[in-house]
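The numbering of the sequence shown is UniProt numbering, which starts it at 1 and goes up by one. Even glycine gets a Cβ: it sits at the ideal position worked out from N, Cα and C. All of these numbers come straight from a predicted model, not from anything done at the bench. Take a look at the structure below.
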Amino acid sequence: MTINQPINDVIEARHSVRNYDGTTKISQTEMTAMLKLAFLAPSALNLQPIRAMVIATPQIRQQLATATGNKRQLTTASAVVLFVNDRENLAEAQPFLPAQRADNPAQSDIAALDTGLVAMQFMLVAKDHGYDTNPMTGFDHAAFSRILKLDPVRYEPRLLVAIGKAVQPGKGAPHKASQALIEFR
Ligand SMILES: Cc1cc2nc3c(=O)[nH]c(=O)nc-3n(C[C@H](O)[C@H](O)[C@H](O)COP(=O)(O)O)c2cc1C
């Protein structure tokens with residue numbers, strides 16, 4: 001396991017992988033260490049509303065696989081991590097959010113941004129630990145909540161990330177040239 005590679009190398013080596021070896025186990029200690037780093041990500045008003053549900057149990061992953069087109073990732077990865085927005089977190093934040101309520105759609109959008117930052121850090125840390133990942137929004141959110149017995153009022157599923165050892169190294173998708181992406185004014 002290589003840890004603390006140069007950040008540019010880690011960023012360039014990360015590609016979405018959709019087929020994993022199906023046998024590698026990631027210990028709870030290592031998973032916790034990776035998520036701990038990921039959760040150092042910034043969040044709006046430092047509310048830290050995102051929670052990670054780590055699902056390694058094969059039977060539960062099999063059940064979840066019935067509620068997504070991304071079945072191979074669900075069944076061959078070491079684990080999938082469901083990042084959810086904890087709406088109850090807002091209650092603690094009332095002093096900062098006088099005009100906001102948990103059902104404010106803007107809050108959900110902000111939580112989506114917070115999720116992206118945590119998940120991106122998680123995928124890079126995972127790569128540094130020698131694992132590959134695949135972020136996924138292609139799953140039935142309501143069905144996942146039902147299968148995982150999550151309170152649908154409290155927890156809003158945001159992003160699923162598969163993590164494991166790739167059968168073959170990820171190839172990498174074409175990325176646009178910087179001229180098409182960056183403007184200076
Ligand atoms: C928000 C988001 C949702 C995604 N959902 C899926 C998905 O449901 N299934 C899948 O196979 N890949 C999914 N991807 C992965 C993208 O297809 C992939 O990141 C993109 O093609 C670029 O490839 P790369 O990750 O290898 O750089 C998702 C990526 C993002 C950022």
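Problem set entry | Distance cut-off 8 Å: Met136 Cβ against heavy atoms of ligand 1 | On the sequence shown, position 136 is the one that residue 136 refers to. Yes; taking the cut-off as 8 Å, the Cβ of Met136 has a heavy atom of ligand 1 nearer than that.
Problem set entry | Whole-Å CB distance - Tyr131 paired with Gly164, under 8 Å assumed | Numbered from 1 along the sequence shown, position 131 holds the residue referred to as residue 131. Numbered from 1 along the sequence shown, position 164 holds the residue referred to as residue 164. Their Cβ separation, rounded to whole angstroms, is 6 Å, which keeps Tyr131 and Gly164 in contact under 8 Å.
Exercise. Under the three-state reduction of DSSP, which class applies to Phe83: helix, strand or coil?
Worked result: For the purposes of this step, residue 83 is taken as the residue at position 83 of the sequence shown. The answer is strand: DSSP assigns Phe83 an E or B state.
Exercise. For Thr133, which residues does DSSP report across the bridge?
Worked result: Residue mapping note: residue 133 aligns to position 133 of the sequence shown, counting from 1. Beta-bridge pairing links Thr133 to Ser16 and Ile163.
Exercise. Using DSSP with H/G/I as helix, E/B as strand and the rest coil, what is Ile7?
Worked result: Taking the sequence shown and counting its residues from 1, one reaches residue 7 at position 7. Helix, per DSSP.
For this session: From the DSSP output, in three-state form, read off Pro152 for me.
Result: Taking the first residue of the sequence shown as position 1, residue 152 is located at position 152. In this structure, Pro152 counts as coil in the three-state DSSP scheme.
Problem set entry | Cβ neighbour criterion (16 or more within 10 Å) applied to Ile182 | Within the sequence shown, the letter at position 182 stands for residue 182. The residue is exposed, with fewer than 16 neighbouring Cβ atoms inside 10 Å.
Exercise. What is the rounded straight-line gap between the Cα of Ser108 and the Cα of Leu40?
Worked result: As a first step, residue 108 must be located in the sequence shown, where it is residue number 108. As a first step, residue 40 must be located in the sequence shown, where it is residue number 40. If you take the alpha carbons of Ser108 and Leu40, they lie about 20 Å apart.
Exercise. Apart from the five residues on each side of it in sequence, which residues of its chain come closer than 7 Å, Cβ to Cβ, to Ala13?
Worked result: Sequence index remark: in the sequence shown, residue 13 carries index 13 (1-based). Excluding sequence neighbours, Ala13 sits near Lys127.
Exercise. Taking the alpha carbon of Val81 as the point to measure from, which residue in Lys71, Ala106, Ser16 and Met53 has its own alpha carbon closest?
Worked result: Within the sequence shown, residue 81 is the residue found at index 81, counting from 1. It is Met53 whose Cα lies nearest to the Cα of Val81.
Exercise. Are Tyr20 and Gln73 close, meaning C-beta to C-beta below 9 Å?
Worked result: Here the question's residue 20 lines up with position 20 in the sequence shown. Here the question's residue 73 lines up with position 73 in the sequence shown. Contact: yes.
For this session: Measuring alpha carbon to alpha carbon, tell me which of Ile26, Pro42, Ala67 and Asp86 ends up nearest Thr57.
Result: Taking the sequence shown and counting its residues from 1, one reaches residue 57 at position 57. Nearest option by C-alpha distance: Ile26.
Exercise. Any chance the CB of Ala173 is under 8 Å from a heavy atom of ligand 1?
Worked result: For the purposes of this step, residue 173 is taken as the residue at position 173 of the sequence shown. For ligand 1, at least one heavy atom lies less than 8 Å from the Cβ of Ala173.
Exercise. Near Leu148, what residues of its chain come up, given a Cβ to Cβ distance below 8 Å and the 5 sequence neighbours on each side ignored?
Worked result: Here residue 148 refers to the residue found at position 148 of the sequence shown. Result list for Leu148: Met53, Ile55, Ile60, Leu64 and Leu82, in chain order.
Exercise. Do you know how far the Cα of Met120 is from the Cα of Pro6?
Worked result: Start at 1 with the first residue of the sequence shown, and residue 6 comes out as number 6. Start at 1 with the first residue of the sequence shown, and residue 120 comes out as number 120. Cα to Cα, Pro6 sits roughly 16 Å from Met120.
Exercise. What are the boundary residues of the alpha helix (DSSP H) that includes Arg72?
Worked result: The residue you call residue 72 lines up with position 72 of the sequence shown. Unbroken alpha helix (DSSP H) run through Arg72: Lys71 to Thr76.
For this session: Tell me whether Gln179 counts as near ligand 1, meaning its Cβ is closer than 8 Å to at least one heavy atom of that ligand.
Result: Here residue 179 is taken as the residue at index 179 of the sequence shown, counted from 1. Flag unset: Cβ of Gln179 not near ligand 1.
Exercise. What residues in its chain sit with their C-beta under 8 Å from that of Ser78, if we drop five residues either side in the sequence?
Worked result: Taking the sequence shown and counting its residues from 1, one reaches residue 78 at position 78. Counting only Cβ-Cβ distances below 8 Å, and skipping sequence neighbours, we find Tyr20, Thr24, Lys25, Ile26, Ala56, Tyr131, Ile163, Gly164 and Lys165.
Exercise. Apart from the five residues on each side of it in sequence, which residues of its chain come closer than 6 Å, Cβ to Cβ, to residue 186?
Worked result: There is no way to answer for residue 186, as the model of the chain reaches only from 1 to 185.
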